[in-house]
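Offset between the sequence shown (1-based) and my numbering: plus 9.
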Amino acid sequence: MTDTESPPLRAGFWRRLAALAVDSIVIFLPLQILVAILFAQTNGNVQGGFFVVTECRSVNSVPEGLQPPPSADANFANLCTSRFFGFPTAHILSVGTTTQKSNVTTSRSINYPLDADGKLTNALDMTWVALLVLTLYLIAMEWRSGATVGKRLLKMKVINAGDTAGAGIPLSKAVKRNLAMWVGAIPALLIFIKLIFFSADPLATMSSGGFLLAAAVAFLIQAAWLIWIVVSVSKKSDPIYDRIARTSLVRLR
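Shown next as structure tokens:
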């Protein structure tokens with residue numbers, strides 16, 4: 010940078026959000042079409058919904074052998090079907106309990122994937138696959154060229170701090186940058202893993218005081234992390250994940 014050049018301008022919040030929306034469409038739309046095809050070909054053993062319309066209806070009976078078993082005081086069961094342009098992409102049975110104390114109504118439930126015939130199945134949830142693919146796409150594009158499809162359309166580029174000349178950023182920095190975005194979600198993820206994989210009765214666990222306190226703390230941490238990022242971006246400064254990776258997302262002149 011010469012003495013007459015001004016420092017690169019950091020990209021603002023709405024520009025970043027629009028770029029992420031474009032990149033999400035680039036990744037999720039083809040995957041949604043693929044899920045619709047695989048749902049039909051595998052009798053519902055591959056499911057997922059990103060650009061879908063979901064309809065739910067109450068059912069009076071549920072399949073036997075649900076694991077983990079619903080709570081003994083479960084008082085509702087809803088069958089929800091997601092469709093992409095009319096093609097089914099997911100069947101989810103939600104069984105749970107609704108309680109009301111004074112004017113406060115609380116609800117807790119467990120979701121069970123069902124195949125196309127309405128039978129319980131261990132369906133592959135493509136939602137997690139899609140998030141993984143999106144993350145790998147962001148890492149690869151920022152490493153190779155510094156910009157994804159969305160960033161190019163919105164005239165932005167990820168650079169090494171203070172260096173606008175490079176074609177991309179080191180792979181290690183691309184990985185660090187994109188993983189650091191999710192640091193605030195780690196407590197909530199740990200609680201989810203414990204609930205799903207290490208709890209014999211998830212509904213009872215969700216009703217316990219210890220779980221509710223842990224969930225509240227995890228929510229506050231995640232909210233604070235998100236607010237910190239939004240405030241930093243709104244002030245046109247590098248958010249925490251860029252500072253960790255020593256990168257910047259700047260507007261191209």
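Glycine is no exception: its CB is placed at the ideal position from the N, C-alpha and C atoms.
Sequence-distant residues of its chain with Cβ nearer than 6 angstroms to residue i (five each side left out)
i, result
"Asp247", "Ser257"
"Pro72", "Leu129"
"Ser91", "Gly58, Val61, Thr63, Thr98, Ala99"
"Met190", "Tyr250"
"Ser103", "Asn87, Ser118, Asn120"
"Ala223", "Ile200"
"Ala227", "Pro196, Ala197, Ile200"
"Cys89", "Thr63, Cys65, Ile101"
Cutoff 8 angstroms; reference residue i; Cβ partners in own chain excluding five residues on either side
i, result
"Ser181", "none"
"Ser241", "Asp247, Pro248, Ile249"
"Thr107", "Asn84, Phe85, Thr114, Thr115, Ser116"
"Val55", "Val44, Leu47, Phe48, Ala132, Leu133, Met135"
"Leu204", "Pro211, Thr214, Met215, Phe220"
"Ala176", "Arg153, Ser154, Gly155"
Limits of the beta strand (DSSP E) - the one that residue i falls within
i, result
"Val113", "113-122"
"Thr63", "62-67"
For residue j and residue i, believed in contact at Cβ under 8 angstroms, the rounded distance
i, j, result
"Ala254", "Arg186", "4 angstroms"
Contacting residues, own chain, Cβ-Cβ under 7 angstroms from residue i (five flanking each side not counted)
i, result
"Val239", "Phe22"
"Leu235", "Gly193"
"Leu26", "none"
"Lys166", "Gly155, Ala156, Lys160, Val259, Leu261"
"Ile230", "Gly193, Pro196"
"Ala20", "Met165, Leu258, Val259, Arg260"
Run of the alpha helix (DSSP H) containing residue i, from where it starts to where it stops
i, result
"Leu103", "According to the sequence displayed, residue 103 carries Ser and not Leu. First-last for Ser103: 96-110, but that is the beta strand (DSSP E), not the alpha helix (DSSP H)."
"Ala49", "22-50"
"Ala86", "From DSSP, Ala86 is part of no alpha helix (DSSP H) but of the beta strand (DSSP E) over 85-93."
"Arg252", "249-254"
Beta strand (DSSP E) segments (min. 3 residues) lying fully within the segment 141-221
165-169
Determine, using beta-carbon pairs with one atom in the segment 25-41 and one in the segment 154-166, whether at least three such pairs fall under 8 angstroms.
yes
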